[in-house]
Amino acid sequence: MTEKEFFDKLLLAYSEEISEDLPGDGLGYYLEYFLDNYPPEKLELKLTKKIAARIIHEFMVNILKWPDLEWQEAGKLKDIYDCRVCAGAIAQVYERGILGEEQPLVFGLNKVLSEKEASALIDRFIEMIKAEAA
Numbered sequence: 019m020t021e022k023e024f025f026d027k028l029l030l031a032y033s034e035e036i037s038e039d040l041p042g043d044g045l046g047y048y049l050e051y052f053l054d055n056y057p058p059e060k061l062e063l064k065l066t067k068k069i070a071a072r073i074i075h076e077f078m079v080n081i082l083k084w085p086d087l088e089w090q091e092a093g094k095l096k097d098i099y100d101c102r103v104c105a106g107a108i109a110q111v112y113e114r115g116i117l118g119e120e121q122p123l124v125f126g127l128n129k130v131l132s133e134k135e136a137s138a139l140i141d142r143f144i145e146m147i148k149a150e151a152a
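As structure tokens, then:
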């Protein structure tokens, strides 16, 4: 699954299962990037865990308005700072149990997610949203 396909599938799942109302503005830099400015040369990039974490984190902050959690366990991940701009997003999805380790104490930032893994991730996130709303 590509980055763009993941983003589109997440928005579709959210609108079908949670709410059709997405804010017209204020989606956040990363989400607006995917909606408006996604460069054609990146359309075929495969989805990695770090990009999935960034997309989900932007969604949590800008659409769901969820506050960031304090880092408890995420700071122990050996590779969390291998992508400094991704560290906060990785910590948030890790702390919430949305995305876990590849190996003990290794998140696996650059692991490419299969279509099945990416779809399961979206399903898990949608279920978490439903649970939060209940």
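In our numbering, the protein residues as written are 19 to 152.
The beta-carbon is built from N, C-alpha and C at its ideal position, and this holds for glycine as well.
Note on geometry: alpha-carbon atoms of Glu120 and Phe77 lie some 23 Å from one another. For the set Lys27, Leu63 and Val124, the Cα lying nearest the Cα of Ser137 is the one of Lys27. Following the DSSP letters along the chain, one finds Gln110 inside the alpha helix (DSSP H) bounded by residues Ala105 to Glu113. With 16 or more other CB atoms across the displayed protein chains lying within 10 angstroms of its CB, Val79 is buried. Arg102 and Phe125 have their C-alpha atoms some 14 Å from each other. Of the candidates Ala152, Asp141 and Glu135, Asp141 places its Cα closest to the Cα of Leu29. Among the bridge pairs identified by DSSP, Val130 is matched with Thr66.
When the Cα atoms are used, Lys67 and Glu59 turn out to be separated by approximately 20 Å. Residue environment: Glu91 is assigned as exposed (fewer than 16 neighbouring CB atoms within 10 Å of its CB, all protein chains considered).
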